[in-house]
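To start, the structure itself, in structure tokens.
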Amino acid sequence: MSLSKQHELHRRRRGRNIGVGLSLAALIVIVLGLTVVKVTRGGLELQPATESSDGI
Amino acid sequence: MSDTSFDSRTYETDAQFGDYYALLKPRVMTLVVFTALVGLLAAPVAVHPFVAFCAVLFIAVGGGASGALNMWYDSDIDALMRRTAKRPIPAGRVAREEALGLGLALSGFAVVFLGLATNWLAAALLAFTIFFYVVVYTMWLKRSTPQNIVIGGAAGAFPPMIGWAAATGSIGIEAVLMFALTFMWTPPHFWALALFVRQDYDNATVPMLTVTHGRRVTRVHILVYTALLAALAVGTGFTAIGGPVYLAVALVLNALFLRGAVQIWRRDEVAAEGDNFAVEKKFFKLSLLYLFAHFGAILVEAAAGRLGAW
């Protein structure tokens, strides 16, 4: 048995917590997806390093 | 005081996730999503589907953020109007400060992420749209001039231009035409609404045209703007984003829209109140179909062009 009694307040807030959790999960998917697309399509390619005049 | 004590009266108005979602004005967001998507897909540049999805999502979030900021600033007059009294802030479910925080946070998020996902021109346009809607329309025009929705309508007209800019990195004449279509559509759409929810605007002392210049003038304005809109909408059919499908849709819908505007113009208040503003309400509903059908036709033309149909 749980030490703290479940109250209506907790039940009502569960929906809000799930909503926030899903929003954060969606944000992770979006950032990951955008990163994959940008990397695989060359959107984030680094500029080629230019050689300095003394050849280093 | 014990650890288990709390005020049982407060939790019943505790905000649910849906209340925060309602702050983003989801119905307005539908229009933003659709027109932005059309702007993006009508552009002559192929965009990766996931980038396109994210771009439309960020534009929608930016539009939603401006809705939350609008509700933060307008909570005093929202409480006075029957149409808006049940919004989360006047209903007491969300604090004004929460709406302000959510609006600012989502604005920053949407602009930065749109810039990172597409380009900074699109991001700058989104930032300007949020600024225009919140500062120019909500804080300034809405309470000071009957031209509020004419100029403020620009905020709702930007999404297809942002979509186009997200795809191309520039602003073409086609994007300007899509902007103009929504911009010219807004006044007759809102004035028809104002004709049948007059009491609301009276109560809130919002200077809508119906309040400041009377209902006869409003009916004339609806007719004039609808005629100008019809010329623009049909004329767009002969540009790069037009075509046979668009032209057919534009001809039919503008004929219906003009007929509705003439009916509104010819009516007096006795006739309008006699049938509980049936003509005005019908015109308002038609205006929703009008915009979706025009942008839908632009989308069809873009798809047909890509498939080489004509």
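Residue numbers (my numbering), protein chains in the order written: chain A, 1 to 56; chain U, 1001 to 1310. We put the beta carbon where it would ideally sit given N, CA and C, even for glycine.
Span separating the alpha-carbon of residue i from that of residue j
i: Leu-1126 of chain U; j: Ile-1298 of chain U; result: 22 angstroms
i: His-1189 of chain U; j: Thr-40 of chain A; result: 45 angstroms
i: Ala-1117 of chain U; j: Cys-1054 of chain U; result: 7 angstroms
i: Met-1208 of chain U; j: Ala-1194 of chain U; result: 7 angstroms
i: Tyr-1073 of chain U; j: Met-1139 of chain U; result: 7 angstroms
i: Leu-1251 of chain U; j: His-1294 of chain U; result: 10 angstroms
i: Val-1032 of chain U; j: Arg-1143 of chain U; result: 24 angstroms
i: Gly-1237 of chain U; j: Tyr-1246 of chain U; result: 6 angstroms
i: Val-1038 of chain U; j: Leu-1291 of chain U; result: 12 angstroms
i: Pro-1160 of chain U; j: Val-1051 of chain U; result: 16 angstroms
i: Lys-1285 of chain U; j: Gln-1016 of chain U; result: 31 angstroms
i: Ile-30 of chain A; j: Leu-24 of chain A; result: 10 angstroms
i: Val-1112 of chain U; j: Ala-1123 of chain U; result: 7 angstroms
i: Gly-19 of chain A; j: Phe-1277 of chain U; result: 40 angstroms
i: Ile-1077 of chain U; j: Ala-1085 of chain U; result: 9 angstroms
i: Ile-1059 of chain U; j: Ile-1162 of chain U; result: 8 angstroms
i: Ala-1261 of chain U; j: Leu-1141 of chain U; result: 25 angstroms
i: Arg-1082 of chain U; j: Tyr-1133 of chain U; result: 22 angstroms
i: Ala-1167 of chain U; j: Ala-1046 of chain U; result: 7 angstroms
i: Gly-1153 of chain U; j: Gly-1103 of chain U; result: 20 angstroms
i: Asn-1203 of chain U; j: Leu-34 of chain A; result: 48 angstroms
i: Gly-1062 of chain U; j: Leu-1106 of chain U; result: 7 angstroms
Proximity test, Cβ basis, 9 angstroms: residue i and chain A
i: Ala-1117 of chain U; result: yes
i: Gln-1147 of chain U; result: no
i: Leu-1057 of chain U; result: yes
i: Leu-1194 of chain U; result: Looking at the sequence provided, one finds Ala at residue 1194 of chain U rather than Leu. Closer than 9 angstroms: no.
i: Asp-1014 of chain U; result: yes
i: Phe-1113 of chain U; result: yes
i: Trp-1073 of chain U; result: For the record, residue 1073 of chain U in the displayed sequence is Tyr; it is not Trp. No, no contact with chain A.
i: Tyr-1290 of chain U; result: no
i: Tyr-1137 of chain U; result: no
i: Tyr-1020 of chain U; result: yes
Residue i (DSSP reduced to helix, strand or coil)
i: Leu-1080 of chain U; result: coil
i: Gly-1039 of chain U; result: helix
i: Asp-1268 of chain U; result: coil
i: Leu-1125 of chain U; result: helix
i: Ala-1095 of chain U; result: coil
i: Leu-1023 of chain U; result: coil
i: Thr-1138 of chain U; result: helix
i: Ser-1075 of chain U; result: helix
i: Ala-1015 of chain U; result: coil
i: Ser-1066 of chain U; result: helix
i: His-1213 of chain U; result: coil
i: Gly-1242 of chain U; result: coil
i: Ser-1144 of chain U; result: coil
i: Met-1208 of chain U; result: coil
i: Thr-1118 of chain U; result: coil
i: Val-1047 of chain U; result: coil
i: Asp-1275 of chain U; result: coil
i: Gly-1101 of chain U; result: helix
i: Gly-1235 of chain U; result: helix
i: Leu-1031 of chain U; result: helix
i: Arg-1009 of chain U; result: Any reading at Arg-1009 of chain U must be qualified, since the residue scores a pLDDT of 49, below 50, and its modelled position is unreliable; no value is offered.
Amino acids of chain U, ordered along the chain, whose beta-carbon sits closer than 7 angstroms to that of residue i
i: Ile-30 of chain A; result: Cys-1054
Per-residue contacts from residue i into chain A (C-beta, under 8 angstroms)
i: Val-1051 of chain U; result: Leu-34 and Val-37
i: Phe-1017 of chain U; result: Gly-15, Arg-16, Ile-18, Gly-19 and Val-20
Short CB-CB distance (under 9 angstroms) between residue i and chain U
i: Leu-24 of chain A; result: no
Interface partners of residue i on chain A, CB under 7 angstroms
i: His-1048 of chain U; result: Val-37 and Arg-41
Endpoints, alpha helix (DSSP H) assigned at residue i
i: Trp-1164 of chain U; result: 1148 to 1168
i: Ile-1089 of chain U; result: From DSSP, Ile-1089 of chain U is part of no alpha helix (DSSP H); its letter is neither H nor E.
i: Pro-1187 of chain U; result: 1173 to 1196
i: Val-37 of chain A; result: 8 to 40
i: Gly-1296 of chain U; result: 1278 to 1307
Interface flag, residue i vs chain D, CB-CB below 9 angstroms
i: Phe-1132 of chain U; result: Here chain D cannot be found, since the structure's protein chains are A and U.
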